[in-house]
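This report refers to the structure that appears directly beneath it.
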Amino acid sequence: MKVLVLNAGSSSIKYQLFDSAEWRVLAHGLIARIGEEAGELKLNWYDAAGAAQSRQETRPIPTHQAGLDLLIADLRERGLLADVTELAAIGHRVVHGGPNFNHPMIVDDAVVAEIESVIPLAPLHNPGHLAGIAVARQLFPSVPSVAVFDTAFHQTMPPTAYRYAIPEFLYTEHRIRRYGFHGTSHHYVAKRAAALLGKPLAKCNLITLHLGNGASASAIRNGQCVDTSMGLTPLEGLVMGTRCGDIDPAVAIYALKNLGLDADGVDQLLNRQSGLLGICGVNDMREIDLRAAAGDAAAELAIGITAHRLKKYIGAYSAELGAVDAIVFTGGIGENAAGIRQRACADLERLGIVLDDTLNAARKPSGERRISTPASAVQVLVIPTNEELEIAQQALAAVSPIE
Ligand code: AMP
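Residue numbers are given in this note's numbering: position 234 of the sequence shown equals residue 274, and the series is strictly consecutive.
Structure below.
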């Protein structure tokens, strides 16, 4: 059987088509600029001989439905999806699942209503996801759509971790609490870490660090998330590409009172103009690394603040967990930026964390690997994330009868 994974935004749909027999990627790509004259359709696929092929077309794509119609026609033409009946499920990435979804859901009208109800908590993401879900249900009524939530993995957090110290009515009446995001990635790398450690996930204590343009940390006890750094929205926690992460909320009040900004202005300031970009003018860690190496003080400070915040979370989560089996780095920065890993783990011998500088700096191999010394009580691992595969597997499991 095959599983199609869709990550639908307001004007784009990222997709991957898997063969579930060996979880091989058959095709992946992007439908972009939906609603514009110059819509884009990008398809990458593997031909019968296994050779990578790609094709790109610019044409008007007025709606999400038109985009998916074109994609299905493309897949059919290349023999990648002869008939829709080959699809066991369509997995949809949904950023915010609200307080009630702790596992993937086969989409029905009630699930759609629940995703709609948390739009105020994820105004940039959930409307696009809902557009993708609506089209998939309309075009393929016989194929179950499964919503896989970024928040679901974090639903095991206790109230001491997910409640804010603010008046209770904000929680009971407005659902203001910490939710956490990147859950699909944290869950995927946690499972892979357990496999590398040779232990069942249910016996693993882990600190997982998803460091990409967005970044978050999770504390995982006995395979279950007990704390995570993102909160009501993906703004809280670590330093990110353009997001500030943890700050004194009085900064927002100051901006409202003294900078002539309204709520949207503060939103822009903290979500889009802060983080690495705000500190040094660039949000791409590769470029920041180069600038810092050339003596740029602002770039050096951006790296320093990022690593300092990471180290604080490693320390806090070590204290929360008591015993830690492994720290896992993933995401574009976590997988590639050896300098950030080195600074975040430096001088943590007392916590049982000893990085092997040679293994950490080595560019090859680039896949799953240990970068701590054999004597390090806490293993430090680099594990490339694969959120699409996790969504595909969770979607198939949701529609498969329990054995
Ligand atoms: P992601 O959101 O997971 O795609 O990660 C994007 C971030 O990873 C950007 O800040 C990139 O600059 C960073 N990144 C990707 N490759 C490297 C690399 N080789 N060295 C340092 N940072 C990298």
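Even glycine gets a Cβ: it sits at the ideal position worked out from N, Cα and C. Keep in mind that this is a model prediction, so the values were computed, not measured.
Ranked by Cα distance from residue 218, the first of 193, 426, 386, 54 is 193. In the structure shown, residue 80 falls within a strand segment according to DSSP collapsed to helix, strand and coil.
Counted as a single uninterrupted DSSP element, the beta strand (DSSP E) harbouring residue 97 occupies residues 92-99.
If you draw a 10 Å sphere on the C-beta of residue 276, you find 16 or more other C-beta atoms in it, and that means buried. By the beta-carbon neighbour count (other beta carbons within 10 angstroms, threshold 16), residue 53 is buried. Proximity of the beta carbon of residue 333 to the ligand AMP is not indicated: no heavy atom of the ligand is located closer than 7 Å.
Excluding residues up to 5 positions away in sequence, 364, 391 lie with their Cβ nearer than 6 Å to the Cβ of residue 358 in the same chain. Per the Cβ contact rule, the stretch 240-255 is in contact with the stretch 365-385 (3 or more Cβ pairs under 8 Å). The way I'd put it, the stretch 423-432 does touch the stretch 222-238; three or more beta-carbon pairs between them come closer than 8 Å. By the neighbour-count definition (other C-beta atoms within 10 Å, threshold 16), residue 214 is an exposed residue. Rounded to whole angstroms, the gap between the alpha carbons of residue 128 and residue 211 is 38 Å. Residue 178 and residue 190 have their C-alpha atoms spaced approximately 24 Å apart. Residue burial is scored here from C-beta neighbours: residue 297 has fewer than 16 other C-beta atoms within 10 angstroms and is therefore classed as exposed.
Of the candidates 106, 60, 56, 89, 106 places its Cα closest to the Cα of residue 77. Residue 351 is positioned such that its CB atom lies closer than 8 Å to that of residue 384. The stretch 148-160 and the stretch 107-114 do not touch, with fewer than 3 CB-CB distances between them shorter than 8 Å. In this structure, residue 279 lies away from residue 271, with their beta-carbon atoms at least 8 Å apart. Counting other Cβ atoms within 10 Å of its Cβ, residue 125 stays below 16 and is therefore classed as exposed. Less than 8 Å divides the Cβ of residue 339 from the Cβ of residue 320. Between the alpha carbons of residue 323 and residue 442 lies a distance of about 45 Å. Residue ranges of uninterrupted beta strand (DSSP E) with 3 or more members, entirely inside the stretch 337-377 and ordered along the chain, are 366-370.
Contact between the stretch 62-74 and the stretch 93-107 is present: three or more C-beta pairs spanning the two stretches fall below 8 Å.
Scanning its chain for C-beta atoms nearer than 6 Å, with the 5 sequence neighbours on each side dropped, one finds around residue 137 the residues 189, 191, 192, in chain order.
DSSP, read as helix, strand or coil, puts residue 396 in coil. Here DSSP, grouped into helix, strand and coil, assigns residue 221 to coil. Residue 186 is not a Cβ neighbour of residue 223, given a cutoff of 8 Å.
With a threshold of 16 other beta carbon atoms within 10 Å, residue 93 falls short and is exposed. Residue 264 is bridged by DSSP to 261. The beta carbon of residue 41 sits no closer than 7 Å to any heavy atom of the ligand AMP. Taking a cut-off of 8 Å on C-beta distances, the stretch 46-62 touches the stretch 164-178, as three or more cross pairs fall below it. Looking at the DSSP output, residue 186 sits in a beta bridge with 131, 146. Residue 47 sits in a strand when the DSSP states are folded into three classes.
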